[in-house]
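>
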C-alpha cells in the first residue's frame, strides 16, 4: 500500500515537472494574461483575435506618451521662439506680435487637419492633428524669462483601419509653462493636459478620460541647439475608463536626452516607474522597454514620426 502511494506521488510530481517544462503548449486561462497577450499580438499583426479581444490602456504605454509629451514641450518652445518661421513641423507659425506691457511677444502655432502617415515596426498608421497653441513669450535683455502656451479643444486621430482600429484623443485643456531658473542657465518646464480618449483595437472598444502631467528642468544651451538634457523629470499619466470609478495612475521620474529633429525627434534615457515594485523604463532611438517585463514599444520610422505617437496606447 505504501509502495502504491509513493509511486502515485512520484507520478504526480513527474507530471507537474513535465508540464512546467513545456514552454508554449499550456493554454492561457487567466483572463487578464490572455487579454494582454491578445492585445499585444493584435497590435503587432493587425489581425483580429477571437471575440475581438480586449482594448485596454495601460500604465506602461501611458508613460511612453509622457516621454513624447516632454518632446512636445521642447518642440513648442523651439517653434515659438525661433526666428525661422519655415522650420519643418506640423504647425504653421504666425507672425510675432509685440506685447503692449513689457518686453516679449505672442505667437500662434496652428495645425489644421495636418496628416502624417507613419510606420511602427511594419504597422502603418495615419495621424491627423488639429491643435492651436496660443503662446506668450516674455523676455528681458533679449533672453527668454518665461513662456506660457495654452490649447483648447485639440484633437488627434490615429487610424490604422477605419472602424476597426483607431483612436480619437481629445485634449480639451492644455497648459505649458517655461520659466528661467534663477542663478542658473536652465529652465523649468511643465505641461498639464486633460481630455478624453475613445477608440477601437480590432473592434474592441474603449472610452475614458485621460490626464497627463509632467515637469522637468532643461538646459538653455541644449534647448537652443535642439540637443537638450532633461533632468528632474516627474510625470503622471491617469486613465479612467468610462463608468469606472477606479483610475489607472502611473508615475515616472528620471532623466532624458532629447534630440529635436523634424519628424524624427527622440528621447533617450531611463525613467523609474513608481509603485510598490518600481521598474525601469529604458528609452532608445528605436524602442522602449520596461525591464523585468515583456513590454516593448518600437519607435516610428525616422522622418515620418509625429511628435506625440498616441498609437502606443494600443500596447498593453
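Residue numbers (mature numbering (1 follows the signal peptide of the UniProt record, and there is no 0)): -20 to -1, 1 to 296. Yeah, the Cβ is synthetic: ideal placement off N, Cα and C, and Gly gets one too. A quick note: this is a predicted structure, and the numbers were derived from the prediction, not measured.
(1) Could you spell out the range, first to last residue, of the alpha helix (DSSP H) harbouring residue 239?
(2) Helix, strand or coil for residue 297, going by three-state DSSP, please let me know.
(3) Contact check, residue 234 vs residue 250 under 8 Å by CB: the rounded distance?
(4) For my contact list, residue 171 and residue 43 are in at a C-beta cut-off of 8 Å; report their separation, rounded to the angstrom.
(5) According to DSSP, which residues form a beta bridge with residue 98?
(6) Please state whether the Cβ-Cβ distance between residue 209 and residue 236 is less than 9 Å.
(7) Among residues of its own chain, excluding the 5 on either side of residue 281, which ones have a beta-carbon nearer than 8 Å to its beta-carbon?
(8) Quick one: grab the DSSP three-state call for residue 61.
(9) Given residue 189, which residues of its chain have a CB within under 6 Å of its CB, disregarding the five upstream and five downstream residues?
(10) Please classify residue 205: does DSSP put it in a helix, a strand, or coil?
(11) Would you kindly report the start and end of the unbroken beta strand (DSSP E) that includes residue 269?
(12) By a C-beta neighbour count over all protein chains shown, 10 Å radius and 16 as the cutoff for buried, is residue 63 buried or exposed?
(13) Would you identify the three-state DSSP class for residue 24, choosing helix, strand or coil?
(14) Identify which residue in 147, 163, 122 and 203 has its Cα closest to the Cα of residue 292.
(15) To the nearest angstrom, how far is it from the Cα of residue 255 to the Cα of residue 75?
(16) Does the beta-carbon of residue 191 have 16 or more other beta-carbons within 10 angstroms, so that it is buried, or is it exposed?
(17) Does DSSP put residue 280 in a helix, in a strand, or in coil?
(18) What would DSSP say about residue 48, mapped onto helix, strand or coil?
(19) Quick one: what does DSSP say residue 40 is sitting in, helix, strand or coil?
(20) Between which two residues does the beta strand (DSSP E) carrying residue 290 extend?
(21) Are the beta-carbon atoms of residue 295 and residue 82 separated by less than 9 Å?
(22) Could you tell me whether the Cβ atoms of residue 87 and residue 60 are closer together than 9 Å?
(23) Is residue 270 near residue 51, with beta carbons less than 9 Å apart?
(24) Hey, would you say residue 109 sits closer than 9 Å to residue 93, going by beta carbons?
(25) For residue 198, which residues does DSSP report across the bridge?
(26) So, does the stretch 263 to 279 touch the stretch 212 to 227, judging by three or more C-beta pairs under 8 Å?
(27) By alpha-carbon positions, which one of 58, 165, 196 and 217 ends up nearest to residue 211?
(28) When DSSP builds the beta bridges, which residues end up paired with residue 153?
(29) What span of residues does the beta strand (DSSP E) with residue 295 cover, start to end?
(30) Mind checking who residue 141 pairs with in its DSSP beta bridge?
In this structure, then:
(1) Premise fails: residue 239 lies in the beta strand (DSSP E), 228 to 239, not in any alpha helix (DSSP H).
(2) The structure shown does not extend to residue 297, since the chain is modelled only from -20 through 296, so no value can be given for it.
(3) 5 Å
(4) Incorrect: roughly 14 Å between the Cβ atoms, too far for contact.
(5) DSSP, once it has assigned bridges, lists 105 as partnering residue 98.
(6) yes
(7) 98, 99 and 100
(8) Reduced to three states, the DSSP call for residue 61 is helix.
(9) 176 and 220
(10) helix
(11) Run containing residue 269: 267 to 270, per the beta strand (DSSP E) assignment.
(12) exposed
(13) Note that residue 24 scores 47 on pLDDT, short of 50, meaning its location in the model is unreliable; the coordinates nonetheless yield the value given after this. Correct three-state label for residue 24: helix.
(14) 147
(15) 46 Å
(16) buried
(17) coil
(18) helix
(19) helix
(20) Where residue 290 is concerned, there is no enclosing beta strand (DSSP E), given that its DSSP letter is neither H nor E.
(21) The criterion of a C-beta distance shorter than 9 Å is not satisfied by residue 295 and residue 82.
(22) yes
(23) no
(24) yes
(25) 167 and 210
(26) no
(27) Taking only the C-alpha atoms, the option nearest residue 211 is 196.
(28) 132 and 174
(29) Element bounds for residue 295: n/a, residue is neither H nor E.
(30) 145
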